[in-house]
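Working notes, beginning with the structure itself.
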Amino acid sequence: MNKQTTILAVAVLSVGMLSMTPPDKDPKKKFIDRDNMDLSVKPGDDFYTYANGNWLKKNPVPASKTSWGSFHELRDKSAQALKSLLEDAGKNTSKGRLQQMVGDYYASGMDSVTIEKSGYTPIKPELARIDALIDLNSVLDEMAYQRTQGNGMLFGFGVSQDRRNVNKYIPQLGQGGTTLPDRDYYLKNDARSRQVRDAYRDHLTKMFALLGETPQQATQSAATVLRLETALAQAQMSRVEMRDPQKTYNKFTVTDFSKTTPTLSWNRILDQFGAKKQDTILVSNPRFFRSVDSLLSATPVADWKTYMKWNIVSDAAPYLSSPFVKQNFEFSKVLTGQKVQTPRWERVSGLVDRQLGELLGQLYVQTYFKPEAKERMVKLVDNLEASFKEHINGLDWMSPETKKRALGKLTSFKRKIGYPDKWETYEGVTIKRNDFYGNVKSARKWAYNYNVTRLGQPVDRTRWGMTPPTINAYYNPVNNEIAFPAGILQFPFFDAEADDAINYGGIGAVIGHEMTHGFDDSGRQYDADGTLRDWWTKEDADNFKQRADKVVAQFFGYKVLDTLSVNGRLTLGENLADLGGLAIAYDAFKKTKQGQSTEKINDFTPDQRFFLSWAQVWRANVLPETQAQLILTDPHSPGRYRCNGPVSNIDAWYRAFNVQPGDKMYKAPEDRIRVW
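For the sequence shown, our numbering gives the first residue as 3, with consecutive numbering after it.
Below you can see the structure in the form of structure tokens.
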């Protein structure tokens, strides 16, 4: 499947925010507050702690969170903003369709009395359908039906652009079928993995008991699900392997692919999925589907019915009565360490943003987004692009031939800033004020149809991959586009009143980050049109790989928890984007009036403020359980190393803070890694 690359970790994807005023109104402290720093630490020993140490000491992770940092402060404020918008929409008696949809959806999710009375009644019809299945064909038919309702099982399916023919949509199959966050939880035998598996087995047992099974039945059902999911995990590729766009591009005719899976007739399945009359298909991991095929025929129908019931209840649990919600959270605590359940209003507002984000996004933009922020952003993107051009032209390891193509790709970037030019209307979604789970299902079914009905249509490059309130940004390789939702255009990333050092060290580095994704180890394999095609000379590609391997080695050297280190391969794309983005943003900053001056603010030089701005973006305390999960699943490095890793390779940082040999972060000039 095509993937966009983001600035932030999944763990901190969040909704938008109120236009934020930093807490201290003293203009000298407004953007860099010395009280948040630990000045007893030498910047050259640990820049992250020097910049953020006192803040980290004063801001432990709240009980209802899994981590707490700059992004999470924004998330809290933005969640309050969305709550206000949703409550107002629900109260508006003369509301139009937009207010009705988001207001009633939110109200249905907050109606705990109705939800509690319903218990698990909303999913009983689906469970009854599964009980009635009699053979493997009926199992496969039911799985196909459930997918069209927005509940995919066993494997991944979607419609995206063909990476080698980007003007055409094509059905795509991916590995899947497991519940735990990563295949390693099923396969590794270390103490942490065993603890998670034991907790998962207990969770499965308790959830089946909530469906009315006897203790013996529930124990047996749990063992069945865990056995099947373990078999699926064994067939999956690792996350590192899945990052390779060449390895995951396997095109088949539908007929030929069916020959590799005797139990699965893909012409029939695609017809059932609504993807009719398709002659070709992309498959990310063909071996996975051969394993699935063997597993289907070797497993009793009764076991597949148990597996399907688990999928139904697992997907529905957050929207059912409190016994299901609480049990779901009990298991989540093991994975994340979170102490207290996130408040209902926050969970529901986030759900509305995810499922009806361009309706809620219209209200958000009208209320909180200033047009001048978009105008300023356009200029910043122009300045970062000019800086990136200079970097490409100045590379001593790349030939003129490849440089010309790289510049062509850079100047072909499509830009999306703030919000879509054309809003999605969600025609076909039915929202009722007294039917929370029904609303969830209606939105899921719409989202599935929204995706699959693209087949045969012209590629629509105006669609966004994030909602306007999202505090994040992304690069999409097949469209060669960079996108910055309205939610991220806030302090500490951006503030209209801030000096350039703050904005270039914040949003400037974000812009540079997304641009660099077009040239990271994965993004560089796509050309200016977004086509997966090799446009490099062999020598240039080898030179790039040599430098990238140094970044891999640097980050593998960072120890996070007991035996866990950063996975330098999994995080390579994001680490390259951080390094390139910061270097490009710094050079763009040096073209500003402030960048060329030495005038101090609050005793910090312009260069120092630039790097301190970068550092404070990444400050966060993270629970150990959550950090352990992120090491396995997240392509981003922990915040400490996103801060320290790039600066240790940038000469200007050494000059700004007088970092000398003997300092713990010091690297000799010849050892500093320069890629872009």
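Virtual Cβ for every residue (Gly too), placed ideally from N, Cα, C. Small disclaimer: the values here were computed from a predicted structure and weren't measured.
Identify the residues that DSSP records as bridge partners of F2: which are they?
This structure gives no information on residue 2, because the portion of the chain shown stretches from 3 to 678.
Per-residue DSSP class, three states only, for Q69
In the sequence shown, residue 69 corresponds to position 67, counting from 1. Checking the sequence, you will find Ser at residue 69 rather than Gln. Residue state, collapsed to three classes: strand.
Give me the Cβ distance between L578 and V677, rounded to the nearest whole Å; I'm assuming they're in contact under 8 Å.
If you number the sequence shown from 1, residue 578 lands on position 576. If you number the sequence shown from 1, residue 677 lands on position 675. Between V677 and L578 the Cβ distance is about 6 Å, and since that is below 8 Å, they are a contact.
Return the first residue and the last residue of the beta strand (DSSP E) that P173 is part of.
Position 171 of the sequence shown, counting from 1, holds the residue named residue 173. Run containing P173: N167 to G176, per the beta strand (DSSP E) assignment.
For a test of your reading of the model: does the CB of A488 fall under 6 Å from any non-hydrogen atom of the ligand COA? Yes or no.
With respect to the ligand COA, the structure shown offers nothing to examine, as it has no ligands at all.
With a threshold of 8 Å on Cβ separation, who are the neighbours of F159 within its own chain once the five nearest residues in sequence on each side are excluded?
The residue you call residue 159 lines up with position 157 of the sequence shown. R149, P173, Q174, L175, G176 and F275.
Just tell me which of T180, E392, S389 and D113 has its CA closest to the CA of A237.
The count along the sequence shown starts at 1 and reaches residue 237 at position 235. Of the candidates T180, E392, S389 and D113, the residue whose Cα lies closest to the Cα of A237 is T180.
In the DSSP assignment, the beta strand (DSSP E) including N691 goes from what residue to what residue?
The structure shown does not extend to residue 691, since the chain is modelled only from 3 to 678, so the question has no answer here.
For the beta strand (DSSP E) containing D164, name the first residue and the last one.
Translated into the one-based positions of the sequence shown, residue 164 becomes position 162. Note, D164: beta strand (DSSP E), G158 to D164.
Kindly indicate which residue of F612, G570 and F546 has the alpha-carbon position closest to the one of D589.
In the sequence shown, the residue the question calls residue 589 occupies position 587. If we check each option's Cα against that of D589, F612 comes out closest.
To the nearest angstrom, how far is the alpha carbon of E429 from that of Y107?
In the sequence shown, the residue the question calls residue 429 occupies position 427. In the sequence shown, the residue the question calls residue 107 occupies position 105. Rounded to whole angstroms, E429 and Y107 show a C-alpha spacing of 15 Å.
Cβ pair Y506, F390 closer than 7 Å
Counting from 1 along the sequence shown, the entry for residue 506 is found at position 504. Counting from 1 along the sequence shown, the entry for residue 390 is found at position 388. With a cutoff of 7 Å on beta-carbon distance, Y506 and F390 are scored as not near each other.
K376 to A488, Cα distance in whole Å?
Residue mapping note: residue 376 aligns to position 374 of the sequence shown, counting from 1. Residue mapping note: residue 488 aligns to position 486 of the sequence shown, counting from 1. Each residue's Cα considered, the two are about 8 Å apart.
Going by the DSSP bridge assignment, what does K416 pair with across the sheet?
Here residue 416 refers to the residue found at position 414 of the sequence shown. Per DSSP, E483.
How about N481 and G532: are their beta carbons less than 7 Å apart?
Sequence index remark: in the sequence shown, residue 481 carries index 479 (1-based). Sequence index remark: in the sequence shown, residue 532 carries index 530 (1-based). In this structure, G532 lies closer than 7 Å to N481 by Cβ.
Do the CB positions of K434 and Q329 come within less than 7 Å of each other?
Translated into the one-based positions of the sequence shown, residue 434 becomes position 432. Translated into the one-based positions of the sequence shown, residue 329 becomes position 327. No, the pair does not count as a contact, with Cβ atoms beyond the cut-off.
When the distance is taken between beta carbons, is K424 closer than 7 Å to A485?
Here residue 485 refers to the residue found at position 483 of the sequence shown. Here residue 424 refers to the residue found at position 422 of the sequence shown. Not closer than 7 Å, so no.
6 Å Cβ shell around D522 - same chain, five flanking residues per side excluded
The residue labelled residue 522 in the question sits at position 520 within the sequence shown. Result list for D522: G575, L578 and A579, in chain order.
DSSP beta-bridge partners of I603:
What you label residue 603 is simply residue 601 of the sequence shown in a count that begins at 1. Note: I603 sits in a beta bridge opposite F606.
Excluding five sequence neighbours on each side, which residues of the same chain lie with their C-beta closer than 6 Å to the C-beta of I504?
The residue given as residue 504 occupies position 502 in the sequence shown. If we look at I504 and ignore the five residues flanking it on each side, its Cβ neighbours are F33 and S615.
Counterpart residues of Y528 in DSSP-defined beta bridges
Within the sequence shown, the letter at position 526 stands for residue 528. Note: Y528 sits in a beta bridge opposite L534.
Between L362 and L84, how many whole angstroms is the CB-CB distance? I'm expecting something under 8 Å.
Looking up residue 362 in the sequence shown gives position 360. Looking up residue 84 in the sequence shown gives position 82. Confirmed, about 7 Å.
Secondary structure of G664, DSSP reduced to three states:
What you label residue 664 is simply residue 662 of the sequence shown in a count that begins at 1. The three-state secondary structure of G664, taken from DSSP, is coil.
Straight-line gap, R196 to K190 (C-alpha atoms, nearest Å):
As a position in the sequence shown, residue 196 is number 194, starting the count at 1. As a position in the sequence shown, residue 190 is number 188, starting the count at 1. Just so you know, the alpha carbons of R196 and K190 end up roughly 8 Å apart.
Which residue spans inside the segment 539-621 form an unbroken beta strand (DSSP E) run of at least 3?
Correct list: 561-563.
Just verifying my parser: in three-state terms, what is the DSSP assignment at N153?
Position 151 of the sequence shown, counted from the start, is the residue given in the question as residue 153. N153: coil per DSSP, three-state reduction.
In the DSSP assignment, find the unbroken alpha helix (DSSP H) run with P217 in it and report its ends.
Reading the sequence shown from its first residue, position 215 is the one you call residue 217. Looking at the DSSP string, the run of the alpha helix (DSSP H) that includes P217 is P217 to A237.
Could you give the distance in angstroms between the alpha-carbon of N153 and the alpha-carbon of M145?
Along the sequence shown, read from residue 1 onward, the residue named residue 153 stands at position 151. Along the sequence shown, read from residue 1 onward, the residue named residue 145 stands at position 143. Rounded to whole angstroms, the gap between the alpha carbons of N153 and M145 is 8 Å.
Assigned exposure category for P264 - 16 Cβ within 10 Å defines buried:
For the purposes of this step, residue 264 is taken as the residue at position 262 of the sequence shown. Exposed.
Can you tell me whether V624 is helix, strand or coil according to DSSP?
One-based indexing of the sequence shown puts residue 624 at position 622. The three-state reading of DSSP puts V624 in strand, counting E and B together.
Which same chain residues end up closer than 8 Å to T539 when comparing Cβ atoms and leaving out the 5 residues on each side of it in sequence?
For the purposes of this step, residue 539 is taken as the residue at position 537 of the sequence shown. S401, E403 and T404, listed in sequence order.
Are the CB atoms of P471 and D355 nearer to each other than 7 Å?
Here the question's residue 471 lines up with position 469 in the sequence shown. Here the question's residue 355 lines up with position 353 in the sequence shown. For P471 and D355, yes; Cβs fall inside 7 Å.
Does the Cβ of L41 have 16 or more other Cβ atoms within 10 Å, making it buried, or fewer, making it exposed?
Against the sequence shown, residue 41 aligns to sequence position 39. Result: exposed.
Who are the Cβ neighbours of S414 in its own chain at under 6 Å, not counting the five residues just before and after it?
On the sequence shown, position 412 is the one that residue 414 refers to. Within its own chain, the residues whose Cβ lies closer than 6 Å to the Cβ of S414, once the five positions on either side in sequence are excluded, are N482 and A530, listed in chain order.
Pick from L266, H515 and W70: whose alpha carbon is nearest that of E387?
Here the question's residue 387 lines up with position 385 in the sequence shown. It is H515.
Nonlocal neighbours in the same chain, by C-beta distance under 7 Å from T116, ignoring five residues either side:
As a working note, residue 116 is residue 114 in the sequence shown. Closer than 7 Å at Cβ, skipping near neighbours: N436.
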